[in-house]
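Here this note's numbering runs 31 ahead of the position in the sequence shown, where the first position is 1.
Ideal placement from N, C-alpha and C gives every residue a C-beta, glycine not left out.
Here the structure is laid out as structure tokens; the discussion comes afterwards.
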Amino acid sequence: MQLQDALSQEKARHRDSVEMMEKKNNRIKELEPRVKSAAEAINSLKDIIKKKDDEIKAQEEKYKRFLGKAKQVIKAIDPKTSQSPSPDTAALRKQLAEKEKALTRMEEEAKNLKSVREREERMVLSAWYEMGMHVHKKGLEERFQPQVSSPRSLLSQKRNEMRRSTVSGKSGSSPQGVR
Numbered sequence: 032m033q034l035q036d037a038l039s040q041e042k043a044r045h046r047d048s049v050e051m052m053e054k055k056n057n058r059i060k061e062l063e064p065r066v067k068s069a070a071e072a073i074n075s076l077k078d079i080i081k082k083k084d085d086e087i088k089a090q091e092e093k094y095k096r097f098l099g100k101a102k103q104v105i106k107a108i109d110p111k112t113s114q115s116p117s118p119d120t121a122a123l124r125k126q127l128a129e130k131e132k133a134l135t136r137m138e139e140e141a142k143n144l145k146s147v148r149e150r151e152e153r154m155v156l157s158a159w160y161e162m163g164m165h166v167h168k169k170g171l172e173e174r175f176q177p178q179v180s181s182p183r184s185l186l187s188q189k190r191n192e193m194r195r196s197t198v199s200g201k202s203g204s205s206p207q208g209v210r
């Protein structure tokens, strides 16, 4: 009779664990599309960052060409080489000063764009990391939740058996295996 009860209890536990596994598998299947969509979003953000990098590189090349042209103009207008200042020289110097201001402004913009891009990368990576840790934590919590009620160590199991046997001993039978 006790064996049949124990067998039925074990069958019930087995059935419960199978149901729990099915629930967990369904939960995993539910979470997979979210993970895939997040990965796609990250890939699209990486593509955007790459495009911005390309734009920044193109601007840097443009600035370098402007700088080279400015240096050539400076060499051509250098007062050490030309003795008589002409009105063309003054106009060219004025244009040169304006272009240098524009160049410094563009260089600052390039630095700002680069820092924004780096911040975006860090934010995307931290969001991805946090999402992965959250999914991992949920999975672990779901996986180990049923084991919390059962004793973890051999010593805990023996203590529980002793408690059960002393409770049954008080009801009229002596504990078995206790010395």
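What are the boundary residues of the alpha helix (DSSP H) that residue i is part of?
i: ASP29; result: Residue 29 lies beyond the residue range present for the chain, which begins at 32 and ends at 210; the question has no answer from this structure.
i: SER117; result: Counting along the chain, SER117 falls outside any alpha helix (DSSP H), and DSSP gives it neither H nor E.
Less than 7 Å separating the beta-carbons of residue i and residue j?
i: VAL155; j: LEU76; result: yes
i: ILE73; j: TRP159; result: yes
i: LYS93; j: GLU173; result: no
i: ALA133; j: GLN90; result: no
i: ILE105; j: THR120; result: no
i: ALA69; j: MET162; result: yes
Straight-line CA distance for residue i to residue j?
i: GLU71; j: GLU131; result: 43 Å
i: VAL66; j: ALA43; result: 34 Å
i: GLN103; j: MET137; result: 20 Å
i: GLN40; j: MET52; result: 18 Å
i: GLU139; j: LYS95; result: 14 Å
i: ASN191; j: PRO64; result: 43 Å
i: SER48; j: ASN57; result: 14 Å
i: LYS60; j: ASN143; result: 42 Å
i: VAL166; j: ARG46; result: 26 Å
i: LEU186; j: SER196; result: 15 Å
i: ARG150; j: LYS169; result: 28 Å
i: GLN35; j: LEU171; result: 34 Å
Cutting at 8 Å between CB atoms, please list the residues of its own chain near residue i, excluding the five before and the five after it.
i: ARG148; result: ILE80, LYS83, ASP84 and ILE87
i: LEU127; result: ALA101, VAL104, ILE105 and ILE108
In its own chain, which residues sit with a C-beta less than 7 Å from the C-beta of residue i, not counting the 5 before and 5 after it?
i: PHE97; result: LYS130 and LEU134
i: GLU152; result: ILE80
i: ARG124; result: ILE108
In its own chain, which residues sit with a C-beta less than 6 Å from the C-beta of residue i, not counting the 5 before and 5 after it?
i: GLU50; result: none
Comparing the CB of residue i with every heavy atom of the ligand MN, is any distance shorter than 6 Å?
i: GLN126; result: Summarising the ligand content, the structure contains no ligands, and the ligand MN is consequently not present.
Would you verify that the beta carbon of residue i is, or is not, closer than 7 Å to some beta carbon of chain B?
i: ARG148; result: The structure shown contains no chain B, having only a single protein chain.
Task: Within the segment 126–177, ranges of the alpha helix (DSSP H) (whole runs, at least 4 residues) - done: Taken in chain order, the whole alpha helix (DSSP H) runs of length 4 or more contained in the segment 126–177 number zero.
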